[in-house]
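Student: Top line first, the protein sequences correspond to chains A and B.
Reading the first sequence from the start, the letters are residues 60 to 348 in our numbering.
Reading the second sequence from the start, the letters are residues 60 to 348 in our numbering.
For reference, the structure I am asking about is given below.
Protein chains: 2
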Amino acid sequence: MVALILDGTSIARELESGLITRVENLKKKSIITHLVVILVGDDSASEIYVKNKQIMCQRIGIRSTLVNVDDDISQDELERIIDEYNDDDEVHGILVQSPLPEKIDGLKIASKILPRKDVDGFNPINLGRLVQGDIGGIIPCTPLGIIHLLEKTGVSLEGKRATVLGRSRIVGMPLSLLLAMKGVDATVTIVHSRSVGIERICSDSDILISAIGVPNFVKGEWIKEDSIIIDVGISRIEDSGKKSGYNIVGDVEKTANKIAGWITPVPGGVGPMTIIKLMENTVRCSELS
Amino acid sequence: MVALILDGTSIARELESGLITRVENLKKKSIITHLVVILVGDDSASEIYVKNKQIMCQRIGIRSTLVNVDDDISQDELERIIDEYNDDDEVHGILVQSPLPEKIDGLKIASKILPRKDVDGFNPINLGRLVQGDIGGIIPCTPLGIIHLLEKTGVSLEGKRATVLGRSRIVGMPLSLLLAMKGVDATVTIVHSRSVGIERICSDSDILISAIGVPNFVKGEWIKEDSIIIDVGISRIEDSGKKSGYNIVGDVEKTANKIAGWITPVPGGVGPMTIIKLMENTVRCSELS
C-alpha cells in the first residue's frame, strides 16, 4: 500500500476560480480588493514568500501593495504605518511578514492590525474567538489550509485521535483549537519539545500534523497504519549531489508514505494551501468591508 | 495508599492575606478596589454564586456592587449598563454572571467588557493572548485556580500527560492552552463528548482534569496510579436519605481516592480556588488601573 497524496498545489488551484469570481463580483460594486504586505528588512526567504503572495494576488485579481521598510524601523514608526492602512478604506487586508527584527514586539504589531483587516488572523481578538468556539472571525491561514486538506480526504474526524506536533501561535495552538471544536470533534493532543513518549503518541494517532521544522523528526515506523499525515515542516538540508546544493525536506520521513493512508508532499502540500487561504481571508475581509 | 487531598478551601484561605495587603496598599493610594457584578434574572443557583463572590469581596476588603436586572432586559440595554461601568474610573472589575437568558448573545457581552476590567477573562482579547502564549492578560479564574492547585502538589508538569475532559470556553479550552504553554510544558489531550476510547486516554494520564458536569463519569478504574485528579464537576444527585434530599458529587467516582496520588474534593476543591482567583484578578485590574 502506498499513501494517497494530498496534493496541496492542485487543491489550491481548484479554489482559485471561486475566488476570482468573488473578486469580480466585488469589482461590480466598485470594490477593488486590496492587500497591503509590509516587509521589514531584506531577508531573502521573506522576500520570496512575499513575492509568491503577490503573484497569487495577481492571479486572483487582488490588488497588492508591497511596503518594504528598512530593518532599523522603530516600533512606533511601524505601528504608524499600520494605522495609516487601518484608516484607509481602500485597503481590505494588512499583513506584516514574519520574522520581524528582534527589537520589534511582534505581539503588539499583531494587536495593532484592525481585526477586520487582519488577514493572517494573528490579532488576539481573532485568536480568542477560536477559544470561544466561534469561527466567525479571521482564522490563521495554515490551520485553515490544513482543515481543508483533512476535509478533502472525506474521512470524518469525529472522535479520531489527532496529534499536533508544535505549539506555535501561528500553527499549533490555533489548529489544536480548530480540531477540537464542535463540528470537527477530533480528540486533540498537543505535543512539543518538552513532551515525553512522542513515538507512542504518534503511533496512536489517526491524524498526525507536524509543525516543528525539524527535518525527518517523525520516523516512518512511528506512523499508524492508514493514518492521515500533514507535514507542515519545510527545511533545507545540504545535498552536494543536487545542482542547488540542497534538498527540501519535511518533518516526516519519506518512509511514512508506505504506511500512512494519506500524506502531504513537501513541498506542494501545506504551503500552497496557506497561500490560497490567505487569498480567501483577503477576499472575505473585502466582502465584509 | 490513599490520595493526598488538594484542599481548595484551605489553599484559597492562605491566599487571602496577601490579597488583603494588596487591597490595603491600594487604599493608601486612595484606590478603593471595586467589583461590579451584573446578575440577569433571579436564577437561585446564580444568586448563591453571586452572594458567595460578594462575601469573599467583603473578606478581602473589595467593594462590590450587585446590579440585578430583569431577565427580559434587551441586549442593547445590558450592553449600555456595561458601557457605563467601563467608563467609570471607580470600577476596576466587571463580571456578568452566567447563565444568561437565551436571547442574550453571551459572546457579544464578553467582548463588551473592557479587557482591563474583564475579571472573568472571557473577552476574546484576553483569551487570544493565551493562544499567543502570553500570560500578561487576564486569565479565566477556574483554569488559574487549577494551575495553582497543580503547583501545590510540587510535581513538575513538564512532559507529563495531562488530559482535559471538556472543551468549554470557560474551563477546558483556556486550561488546555495554559497547560501546553512554555513553562508549564505538559503534553495536553483535549477530550469531549465526541471522543472515543476515553477510558484508555484517562488511564494514560499523569494529570486528569474533568470539567464536564456528569456525575461519576470518570470511573475509579480508569485512573492511573499516583496521578493527579482535578474534579471541576459539581452536580446534585437525589438522595432521600439526606435531609437536603440530595448529594453533591463531582465528575469522578469516589473510588479514585484509593488510586490517585492527589485529588480534589467536591465540594471544596476547585470551587473555592475559582472564587479566590476572581478576587486576585480583581485586585490585579485595580493595580493596573
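Every residue, glycine too, gets a C-beta built ideally from N, C-alpha and C.
Owing to the predicted nature of the structure, the values given are computational and were not obtained by experimental measurement.
Measuring CB atoms only, is the stretch 295 to 310 of chain B touching the stretch 127 to 145 of chain B, in the sense that at least three cross pairs come out at less than 8 Å?
Tutor: These segments do not touch.
Student: Grab me the residues of residue 236/A's own chain with a C-beta within less than 7 Å of its C-beta, minus the 5 sequence neighbours each way, in chain order.
Tutor: Sequence index remark: in the first sequence, residue 236/A carries index 177 (1-based). Cβ neighbours of residue 236/A beyond the five flanking positions: 189 and 190.
Student: Which word fits residue 312/A, buried or exposed, when buried means at least 16 other C-beta atoms lie within 10 angstroms of its C-beta?
Tutor: Here residue 312/A refers to the residue found at position 253 when the first sequence is read from its first residue. Answer is buried; the Cβ neighbour count reaches 16.
Student: For residue 116/B and residue 98/B, which I take to be in contact (beta-carbon distance under 8 Å), what is that distance rounded to the nearest angstrom?
Tutor: Taking the first residue of the second sequence as 1, we reach residue 116/B at position 57. Taking the first residue of the second sequence as 1, we reach residue 98/B at position 39. With a Cβ gap of about 14 Å, residue 116/B and residue 98/B do not count as contacting.
Student: What are the complete alpha helix (DSSP H) segments, minimum 4 residues, inside the stretch 116 to 181 of chain A?
Tutor: Qualifying alpha helix (DSSP H) stretches, in chain order: 134 to 145 and 165 to 171.
Student: Between which residues of its own chain and residue 195/B is the CB-CB distance below 8 Å, once the five residues before and five after are set aside?
Tutor: On the second sequence, position 136 is the one that residue 195/B refers to. So the list reads 188, once near-sequence residues are dropped.
Student: Who are the near neighbours of residue 319/B in its chain, counting only those whose CB is closer than 6 Å to its CB and skipping five residues on each side?
Tutor: Here residue 319/B corresponds to residue number 260 of the second sequence, with the count starting at 1. Contacts found: 62, 282, 286 and 288.
Student: Residues of chain A with a CB under 9 Å from the CB of residue 244/B: which are they?
Tutor: Position 185 of the second sequence, counted from the start, is the residue given in the question as residue 244/B. 251, 252, 253 and 254, listed in chain order.
Student: State buried or exposed for residue 333/B, treating a residue as buried only when at least 16 other CB atoms are found within 10 Å of its CB.
Tutor: Position 274 of the second sequence, counting from 1, holds the residue named residue 333/B. Residue 333/B comes out buried.
Student: For a contact meaning CB atoms closer than 8 Å, what does residue 270/A contact in chain B?
Tutor: Walking along the first sequence from the start, residue 270/A turns up at place 211. Within chain B, no residue comes near residue 270/A; the closest Cβ sits about 14 Å away, beyond 8 Å.
Student: Report yes if the C-beta distance between residue 309/B and residue 335/B is below 8 Å; otherwise report no.
Tutor: What you label residue 309/B is simply residue 250 of the second sequence in a count that begins at 1. What you label residue 335/B is simply residue 276 of the second sequence in a count that begins at 1. It is not a contact, given that the beta carbons lie outside the stated cut-off.
Student: Quick one: what does DSSP say residue 212/A is sitting in, helix, strand or coil?
Tutor: Mapped onto the first sequence, residue 212/A falls at position 153. If DSSP states are grouped into helix, strand and coil, residue 212/A belongs with coil.
Student: For residue 185/A, which beta-bridge partners are listed by DSSP?
Tutor: Stepping through the first sequence from its first residue, residue 185/A is reached at position 126. For residue 185/A, which the question treats as bridged, DSSP gives no partner whatsoever.
Student: Where do the N-terminal and C-terminal ends of the beta strand (DSSP E) with residue 91/B fall, by residue?
Tutor: By 1-based counting over the second sequence, the position of residue 91/B is 32. Premise fails: residue 91/B is in no beta strand (DSSP E) and is neither H nor E.
Student: Could you work out which residue in 344/B, 347/B, 339/B and 177/B is closest to residue 78/B when comparing CA atoms only?
Tutor: Walking along the second sequence from the start, residue 78/B turns up at place 19. For the residues 344/B, 347/B, 339/B and 177/B, the minimum Cα distance to residue 78/B belongs to 339/B.
Student: If you measure between the beta carbons of residue 228/A and residue 263/A, is that distance less than 8 Å?
Tutor: Here residue 228/A refers to the residue found at position 169 when the first sequence is read from its first residue. Here residue 263/A refers to the residue found at position 204 when the first sequence is read from its first residue. For residue 228/A and residue 263/A, no; Cβs fall outside 8 Å.
Student: Run through the DSSP bridge pairs and tell me what residue 306/B is partnered with.
Tutor: Position 247 of the second sequence, counted from the start, is the residue given in the question as residue 306/B. In the DSSP output, where bridge partners are listed per residue, residue 306/B has 296/B.
Student: Alpha carbon to alpha carbon, how far is residue 240/B from residue 75/A? Give it in angstroms, no decimals.
Tutor: By one-based count along the first sequence, residue 75/A stands at place 16. By one-based count along the second sequence, residue 240/B stands at place 181. Their Cα atoms are separated by approximately 37 Å.
Student: Count the other CB atoms within 10 Å of the CB of residue 232/B; is the residue buried (16 or more) or exposed (fewer)?
Tutor: As a first step, residue 232/B is located in the second sequence; it is residue number 173 there, counting from the start. Buried: at least 16 other Cβ atoms inside 10 Å.
Student: May I ask you to verify whether the stretch 147 to 165 of chain A touches the stretch 81 to 95 of chain B, counting CB pairs closer than 8 Å and requiring at least 3?
Tutor: The stretch 147 to 165 of chain A vs the stretch 81 to 95 of chain B: no contact.
Student: Please list the partners that residue 228/B has in chain A, where partner means a Cβ-to-Cβ separation under 7 Å.
Tutor: For the purposes of this step, residue 228/B is identified with residue 169 of the second sequence, where counting begins at 1. In chain order: 190, 191 and 192.
Student: Looking at the unbroken alpha helix (DSSP H) that takes in residue 319/A, where does it start and where does it end?
Tutor: For the purposes of this step, residue 319/A is taken as residue 260 along the first sequence, with counting starting at 1. First-last for residue 319/A: undefined, no H or E at that position.
Student: Taking the Cβ atom as the reference point for each residue, do residue 230/B and residue 291/B lie within a distance shorter than 8 Å?
Tutor: If you number the second sequence from 1, residue 230/B lands on position 171. If you number the second sequence from 1, residue 291/B lands on position 232. Yes, Cβ-Cβ distance for residue 230/B and residue 291/B is below 8 Å.
Student: Buried or exposed: residue 255/A, going by 16 or more other Cβ atoms within 10 Å of its Cβ?
Tutor: Position 196 of the first sequence, counting from 1, holds the residue named residue 255/A. Looking at its Cβ environment, which holds fewer than 16 other Cβ atoms inside 10 Å, residue 255/A is exposed.
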